Amino acid sequence: MKQETIYEVLKFRDDRNWKQFHNPKDLAISISLEAAELLEVFQWSAEDIRCEEKKEKIREELADVLNYCILMADACGLDMDEIVLEKIRKNEKKYPVEKAYGHKEKYTEL
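Now the structure itself:
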């Protein structure tokens, strides 16, 4: 994610003096609630629903999830690029291409 985007999210929060309310517990709850709203977009839909059919609602809810993730990373002093890349490296070890390619099973079942 671009630093400018992260800056804008944090500026929005700071301009409203909301940082005082953003503790890790409440931010984790907010991430979960917004993720549930994203999931709700697909509730009772056909299995083959395409993103184009609900694109605007998906954009809104996904943006909410990402905004809260930025706020959580800031509250915990975490660099988003660093933690995402670190997780990719861990997953590369759990899911080596030669074992995981074309398979959906969990790494313990490969």
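So that you can map any letter, position 96 of the sequence shown is 95 in numbering that gives the first Met the number 0, and since no number is skipped, the others follow by simple counting.
C-beta atoms are modelled at their ideal positions from N, C-alpha and C, and glycine is treated no differently.
Since the structure is predicted, the reported quantities are computational estimates derived from the model, not experimental observations.
Nearest Cα to L26 within the set E46, A74, E59: A74. Sequence-distant Cβ neighbours of E33 in its own chain, meaning closer than 7 Å and more than five residues away, are E60, D63, V64, Y67. Between the segment 45-57 and the segment 7-25 there are fewer than three inter-stretch CB-CB distances shorter than 8 Å, so the stretches are not counted as touching.
In this structure, the alpha-carbon of I28 lies about 13 Å from that of E36.
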